[in-house]
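Here the structure is laid out as structure tokens; the discussion comes afterwards.
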Amino acid sequence: MELNGKEEVKGAVLHIVVVGFHHKKGCQVEYSYPPLIPEEGHDSNNLPEEWKYLPFLALPDGAHNYQEDTVFFHLPPLTGADTNCVYGVSCYRQIEAKSLKVRLADVTRETVQKSVCVLSQVPLYGLLQAKLQLITHAYFEEKDFSQISILKELYEHMNSSLRGTALEGSQVFLGKTILLFSLASNGTPFPS
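Per my numbering, the very first residue in the sequence shown carries number 97; after that it's consecutive.
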């Protein structure tokens with residue numbers, strides 16, 4: 097696949113995905129970069145069969161009860177992929193529909209719920225979450241969800257900064273053992 101006239105180099109990040117809640121259709125993919133199905137466009141709602149539950153993992157049931165939050169999930173690899181697991185980080189938020197600069201006709205509720213997801217080959221949860229929270233905040237602050245350049249830039253930046261030696265060794269997993277121990281001992285991500 098080519099991006100901007102250059103051959104795509106596989107990086108840690110596979111896709112950036114936006115999932116929205118549609119009042120009649122439920123959770124659905126609204127945007128993906130690069131497209132989840134290469135032959136289709138960035139705005140295709142179609143999903144690879146192996147990832148049919150992606151919208152529900154990225155924007156979980158009950159998300160409307162929170163102004164914003166983050167979820168972590170796993171997806172099976174696509175057929176023929178050279179990875180054993182796909183790691184997902186999703187930051188979801190909601191915004192009042194009346195505050196949108198561009199309000200589409202199918203926005204019929206008082207709030208709009210969306211999540212911005214990173215699908216990765218590497219379980220860099222903390223690093224991905226930190227970047228994704230900032231980008232999700234900026235994406236919502238635009239108040240125009242057609243402004244997707246920030247999402248493309250996130251994909252390109254993450255893959256350029258997470259190449260080669262940046263992914264080698266234990267540095268990328270620093271702090272994960274204490275987090276795992278804390279979760280195992282008392283069910284919260286931080287010591288009580």
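Backbone N, C-alpha and C fix where the C-beta goes; we use that ideal spot for every residue, glycine too.
Cα-Cα separation between Leu-224 and Lys-120, rounded to whole angstroms: 31 Å
N-terminal and C-terminal residue of the alpha helix (DSSP H) that Gln-225 is part of: 221-237
Where Glu-136 sits in the DSSP three-state scheme: coil
Glu-136 versus Val-125 - alpha carbon distance: 13 Å
Within 9 Å, strictly: CB atoms of Val-182 and Leu-110: yes
Option nearest Leu-174 by Cα separation, candidates Leu-228, Ile-133, Glu-249 and Leu-247: Ile-133
Where Lys-227 falls, given that 16 or more other Cβ within 10 Å makes a residue buried: buried
Any C-beta of chain D under 9 Å from that of Val-125: The chain labelled as chain D is not found in the depicted structure, where only one protein chain is given.
Closer than 8 Å: Leu-132 CB and nearest the ligand SAH heavy atom: Here there are no bound small molecules, and the ligand SAH is not part of this structure.
Separation of His-170 from Gln-190, as counted between CA atoms: 23 Å
DSSP three-state assignment for Ile-340, whether helix, strand or coil: Past the edges of the chain, shown from 97 to 288, lies residue 340, and the structure says nothing about it.
Beta-carbon proximity check, Val-114 vs Val-185, cutoff 9 Å: no
Whole-angstrom C-beta distance between Tyr-188 and Asp-165, which should lie under 8 Å: 6 Å
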